[in-house]
Amino acid sequence: MELEARTQPRVCGDPHTEAKLLCGSAEGAHQLHRIRLGRQGWRAAPPFGKPGHGAHVLIFDADGPLAIRVRGENIGLGPGSLLWLCGRPPPDLSITATRPPVELLCWRFAEEGLPPGLQDLLPSTTAPRSFRSPTAPLGIRNLATGLRNCPVAPVLRDLWGSAKLAELVTLLLPSWPEPASPGAPPGGRHPALLRAVSFMRRHLGEPIGLDAIAAAAGASASHLSRLFSSEFGRGPTHYLRELRMRRAAELLRTGRSNVTETAYSVGYSSLAQFSRAFLAFHGISPGRFLKDGMDRSRKPQNMIKNG
1407 MELEARTQPR VCGDPHTEAK LLCGSAEGAH QLHRIRLGRQ GWRAAPPFGK PGHGAHVLIF
1467 DADGPLAIRV RGENIGLGPG SLLWLCGRPP PDLSITATRP PVELLCWRFA EEGLPPGLQD
1527 LLPSTTAPRS FRSPTAPLGI RNLATGLRNC PVAPVLRDLW GSAKLAELVT LLLPSWPEPA
1587 SPGAPPGGRH PALLRAVSFM RRHLGEPIGL DAIAAAAGAS ASHLSRLFSS EFGRGPTHYL
1647 RELRMRRAAE LLRTGRSNVT ETAYSVGYSS LAQFSRAFLA FHGISPGRFL KDGMDRSRKP
1707 QNMIKNG
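Just add 1406 to wherever you are in the sequence shown, counting from 1, and you've got this note's numbering.
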């Protein structure tokens, strides 16, 4: 989602409205902007992230009241409040200041911008969802101060930003209201879900199916499927495939495994089947993903060498 002037380009509109990219990039998995709103406001418009995948938007650390319009709904956000939006497709939203000027932080990220362990805990993007906190926790306010004053060199900002994004999401996840599963203990996920996910993660490299997962979870296959659909918005086998694809991306991103080794590591005996699944999930072939990752890993050294 590229930030655009809400009406006319900035040169023809409000000279006091601007956005500064603090970390991330237009083609990357996350973008953090510091936005100063004048009279016109700004609009964040798709595309962002990979086609068919969900995206997340965090709006926080505003020093004045905001009026946000997303998916036809108007949301008011007071100073110091926080709004987390997610959905598939990515949310199309506009932000205006009730009493300009107002400065805020806006972090937009795709799921692949987080470590696999955190990806598994994100709220489902199958349907649009939002979470609003009237007062951001102290840890987030302190983090926001550090984000505005990035202490690292420009060549390291994307890496630094990825770590800070993971820190921010970790602070927020305990506050996200999760849908209750049938029979779940108050404030937590159903024990069968926890056992099932744990079993999946331990056996990603093995050809496990729904029956094996259900047996490990101590539930019938049909009951476990209902639990997964209620909690995550997809069934156990779909969830397992997502875990495998995220793990595959992690292995390829490091460059320590080739495509064939990666396929076997995440439970695929057929390279063609793995390639089709990877392409469907990530929107790019595993071979191309590996090459792009190697190209990106060389870029910082080239930038330093060329001054």
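Just so it is clear, CB atoms sit at the ideal spot from N, CA and C, and this is done for glycine as well.
How big is the Cα-Cα spacing for residue i and residue j?
{"i": "W1566", "j": "G1689", "result": "26 Å"}
{"i": "H1596", "j": "E1424", "result": "46 Å"}
{"i": "G1430", "j": "R1440", "result": "12 Å"}
{"i": "E1648", "j": "S1568", "result": "21 Å"}
{"i": "L1472", "j": "P1521", "result": "31 Å"}
{"i": "L1553", "j": "S1676", "result": "44 Å"}
{"i": "S1487", "j": "V1665", "result": "44 Å"}
{"i": "V1476", "j": "E1612", "result": "42 Å"}
{"i": "L1658", "j": "R1608", "result": "19 Å"}
{"i": "V1603", "j": "E1656", "result": "18 Å"}
{"i": "A1550", "j": "A1618", "result": "44 Å"}
{"i": "K1426", "j": "H1629", "result": "49 Å"}
{"i": "F1638", "j": "L1577", "result": "20 Å"}
{"i": "R1601", "j": "G1493", "result": "27 Å"}
{"i": "L1368", "j": "S1539", "result": "Lying outside 1407 to 1713, the shown extent of the chain, residue 1368 is not represented and no answer is given."}
{"i": "F1695", "j": "P1560", "result": "24 Å"}
{"i": "G1545", "j": "N1555", "result": "16 Å"}
{"i": "R1650", "j": "I1614", "result": "12 Å"}
{"i": "K1697", "j": "A1503", "result": "43 Å"}
{"i": "F1634", "j": "P1507", "result": "45 Å"}
{"i": "S1636", "j": "A1620", "result": "16 Å"}
{"i": "L1579", "j": "L1528", "result": "7 Å"}
{"i": "D1467", "j": "R1514", "result": "14 Å"}
{"i": "A1692", "j": "L1616", "result": "The amino acid occupying residue 1692 in the given sequence is Pro; Ala does not appear at that position. Near 26 Å, if we compare the C-alpha coordinates of L1616 and P1692."}
{"i": "L1438", "j": "R1563", "result": "11 Å"}
{"i": "A1623", "j": "R1632", "result": "13 Å"}
{"i": "I1501", "j": "G1434", "result": "22 Å"}
{"i": "N1548", "j": "P1557", "result": "14 Å"}
{"i": "G1447", "j": "I1474", "result": "10 Å"}
{"i": "P1485", "j": "R1682", "result": "47 Å"}
{"i": "F1605", "j": "L1483", "result": "41 Å"}
{"i": "A1654", "j": "A1678", "result": "14 Å"}
{"i": "G1478", "j": "L1499", "result": "9 Å"}
{"i": "R1449", "j": "L1428", "result": "18 Å"}
{"i": "F1684", "j": "T1660", "result": "16 Å"}
Please say whether residue j and residue i have beta carbons closer to each other than 7 Å?
{"i": "A1669", "j": "F1687", "result": "no"}
{"i": "C1512", "j": "I1465", "result": "yes"}
{"i": "E1517", "j": "R1442", "result": "no"}
{"i": "H1436", "j": "L1571", "result": "yes"}
{"i": "R1662", "j": "Q1525", "result": "no"}
{"i": "R1505", "j": "G1470", "result": "yes"}
{"i": "A1625", "j": "A1598", "result": "yes"}
{"i": "G1673", "j": "L1610", "result": "yes"}
{"i": "S1536", "j": "L1574", "result": "no"}
Identify the residues that DSSP records as bridge partners of residue i: which are they?
{"i": "R1508", "result": "The sequence given here has Val at residue 1508, not Arg. DSSP lists L1443 as partners of V1508."}
{"i": "L1483", "result": "L1472"}
{"i": "A1461", "result": "G1493 and A1516"}
{"i": "Q1437", "result": "G1430 and R1514"}
{"i": "Y1539", "result": "According to the sequence shown, residue 1539 is Ser rather than Tyr. According to DSSP, S1539 bridges with L1488."}
{"i": "F1466", "result": "L1488 and L1511"}
Quick one: grab the DSSP three-state call for residue i.
{"i": "I1690", "result": "coil"}
{"i": "A1425", "result": "strand"}
{"i": "A1590", "result": "Confidence in A1590 is poor, its pLDDT being 40 and thus under 50, which makes the residue's placement too unreliable to answer from."}
{"i": "L1499", "result": "strand"}
{"i": "L1562", "result": "helix"}
{"i": "S1675", "result": "coil"}
{"i": "G1545", "result": "helix"}
{"i": "L1616", "result": "helix"}
{"i": "P1557", "result": "coil"}
{"i": "P1585", "result": "Because P1585 sits at a pLDDT of 44, beneath the cut-off of 50, its placement in the model cannot be relied upon, and the following sentence gives the value as read from the coordinates. Three-state result, P1585: coil."}
{"i": "L1571", "result": "helix"}
{"i": "G1552", "result": "helix"}
{"i": "S1521", "result": "Per the sequence presented here, residue 1521 reads as Pro, with Ser not at that position. DSSP places P1521 in coil when its eight states are reduced to three."}
{"i": "A1654", "result": "helix"}
{"i": "S1631", "result": "helix"}
{"i": "L1599", "result": "helix"}
If you measure from the CB of residue i, is any heavy atom of the ligand FAD nearer than 6 Å?
{"i": "D1617", "result": "For the structure depicted, the ligand FAD is absent and the ligand set is empty, with no information on it obtainable."}
>> Does the stretch 1634–1645 come into contact with the stretch 1659–1676, if we say contact requires no fewer than three beta-carbon pairs (one atom in each stretch) closer than 8 Å?
In response: Three or more beta-carbon pairs separated by less than 8 Å are not found between the stretch 1634–1645 and the stretch 1659–1676, which leaves the two stretches without contact.
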